[in-house]
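Worksheet: one structure, shown below.
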Amino acid sequence: MSRIEQADGSIVITASHNPAEWNGLEFAAQAGRLLNGQDLKSFLDIYHNQKIKLCSWNKQGKIKKLNQATSHHINAILEAPWVNLEHTHSRQLSVAIDAGNGAGSRISPVLLRALGCKVSEVFCHPDGSFPRPSEPDPEALSKLCNTVQSISANLGLAHDGDADRLVIVDESGHAISSEYTLALIADFLLEKTDQPAYIVATISTSRLIEDIADRHKAELLRVPVGVSFVVNKMKELSKDNPKALVLGGEGTGGVILPNWQYTTDGIAAISVIVQMLADSDYSIQSRVRNLPKYEMHKIKLKIKRQAIADELVQRATVVFGQLSNSTLDLTDGIKCVWPDRWVNIRKSGTEPVVRIFSEANSSDIAKELALQTQKSLQQIVMQIEQENK
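For what it's worth, the numbering used here labels the leading residue of the sequence shown as 22, then goes sequentially.
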């Protein structure tokens with residue numbers, strides 16, 4: 022809508038996937054591009070320094086209520102280059118949608134019906150208390166999984182609170198890791214193009230995206246965690262390679278589609294997944310089986326003060342830099358990479374925690390790596406706290 026209305030900027034009221042007691046403001050520049058770190062710093066400096074000029078009464082802007090925002094967005098999606106309505110309507114896929122009582126509660130079921138799907142709704146009534154946890158983890162999606170099984174749906178789809186992410190449930194009612202959302206969409210879009218292609222993914226996104234890039238001879242670029250970093254790199258690549266297909270995203274289920282808009286859009290991502298199934302006889306399960314398998318383990322280490330988190334990451338860089346047979350990547354926090362596994366340690370941008378992500382070929386190895394890392398970090402935290410007594 023920012024692009025359609027030619028707005029100078031926009032504000033979204035959202036706490037993203039944080040618990041119900043949280044709320045916040047997300048600021049975007051023209052065409053919906055989220056402000057990056059430097060933009061936000063400049064913005065907050067203006068606020069904290071009280072350098073705010075109020076305009077006179079006769080120069081104030083106007084408030085305009087956009088009653089057709091939903092239909093505008095749906096129509097734009099239906100006209101996207103990857104959508105073939107003849108195919109989607111002929112398949113009449115059965116889809117269960119769980120909007121998590123959030124922003125996708127009304128629009129996503131309408132979009133699915135416009136794509137010719139038979140729709141079953143789960144948690145699709147807006148409710149700010151979020152009866153279903155806003156994080157679309159497998160544990161939170163039990164009702165969706167049961168619905169997919171009970172109605173023999175082709176797939177289930179789930180959003181987080183602000184619907185910028187999409188998580189998939191296969192036809193057996195199994196919730197697939199959010200890492201597969203970007204991978205499946207990239208695999209589908211790249212197999213349809215003969216243009217040069219680039220994928221931009223965050224440092225903590227699964228190694229699966231590397232395999233997708235290799236499969237289609239696309240170039241993969243890694244950036245720090247955060248949509249703004251993905252967007253900045255995508256814009257840079259699109260400017261330098263105007264004929265290339267450039268897409269990006271994160272392992273959380275957030276995808277930034279090519280030639281669409283510079284932000285994650287879980288609603289538009291629905292159309293790609295539906296089209297992917299409509300264009301072939303392959304099910305979600307069979308497509309997932311056709312991809313390499315990795316297991317990821319995630320741990321949150323609570324930190325009392327930001328200063329401790331800063332010191333922790335600094336000291337951990339030295340400790341992990343001494344590990345043998347590994348490569349150290351400092352793109353965002355610390356990423357220690359071995360041929361068959363990796364672990365990433367970084368400060369959260371939304372919670373007072375340090376996040377530990379690990380990935381390996383088996384869940385046991387990934388879990389053990391994460392737990393060993395947690396133990397090492399806890400020892401460093403104890404040292405810091407003792408020194409500061």
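C-beta: ideal position from N, C-alpha, C; glycine also. Being a predicted model, the structure only gives us computed values, none of them experimental.
Run through the DSSP bridge pairs and tell me what residue i is partnered with.
i	result
CYS357	LEU349 and VAL364
LEU114	Note: LEU114 sits in no beta bridge, so no partner.
GLU142	ILE118
ILE34	LEU46
THR202	Note: THR202 sits in no beta bridge, so no partner.
ARG186	Paired residues: none, contrary to the question.
MET297	Beta-bridge pairing links MET297 to no other residue.
GLU316	ALA381
ALA218	LEU266
Are residue i and residue j closer than 8 angstroms when you measure CB to CB?
i	j	result
ARG153	GLY121	yes
ASP183	VAL309	no
THR202	ALA290	yes
ILE377	ALA387	no
ALA265	ALA218	yes
VAL140	ILE118	yes
ASN39	ILE224	no
ARG362	SER379	yes
ASP185	THR91	no
LEU187	GLY123	no
SER37	ASP232	no
LEU312	LEU268	no
ILE324	VAL375	yes
GLN51	GLY30	yes
ASN44	ILE34	yes
ILE230	VAL251	no
ALA41	SER292	no
ILE95	ILE128	yes
VAL244	LYS256	no
ALA179	PRO157	yes
GLU322	LEU398	Note that residue 322 is Leu in the sequence shown, not Glu. Contact: yes.
PRO130	CYS145	yes
How is residue i classed by DSSP in three states: helix, strand or coil?
i	result
ILE67	helix
LYS323	strand
LYS388	helix
GLY53	helix
LEU75	coil
PHE378	strand
THR338	helix
THR223	strand
LEU241	strand
LEU178	strand
ALA28	coil
HIS195	coil
ILE277	strand
PHE250	helix
ALA101	coil
GLU257	helix
LYS85	coil
LYS62	helix
PRO157	coil
LYS213	coil
GLY137	coil
SER126	coil
SER397	helix
Any heavy atom of the ligand FAD within a distance shorter than 7 angstroms of the CB on residue i?
i	result
GLU200	Within the structure as shown, the ligand FAD is missing, as the structure has no ligands at all.
State buried or exposed for residue i, treating a residue as buried only when at least 16 other CB atoms are found within 10 Å of its CB.
i	result
LEU132	buried
THR109	buried
CYS76	exposed
ARG54	buried
TYR303	exposed
PHE64	exposed
ASP353	buried
HIS93	exposed
ARG134	exposed
LYS356	buried
GLN282	buried
ASP208	buried
ILE25	exposed
VAL339	exposed
THR226	buried
ALA328	exposed
LEU344	exposed
LEU114	buried
HIS69	exposed
Less than 8 angstroms between the CB atoms is what I'm expecting for residue i and residue j, so what's the real figure, rounded?
i	j	result
HIS116	ALA174	Reading the sequence as shown, one finds Val at residue 116 and not His. About 6 angstroms separates the two Cβ atoms, so the contact holds.
VAL295	LEU165	So it is not a contact: roughly 16 angstroms between Cβ atoms.
GLY125	GLY287	7 angstroms
ILE320	GLN404	Contact flag wrong, Cβ pair sits at about 20 angstroms.
ALA381	GLU316	6 angstroms
GLY58	SER249	7 angstroms
ILE401	ALA330	Not a contact, Cβ separation roughly 11 angstroms.
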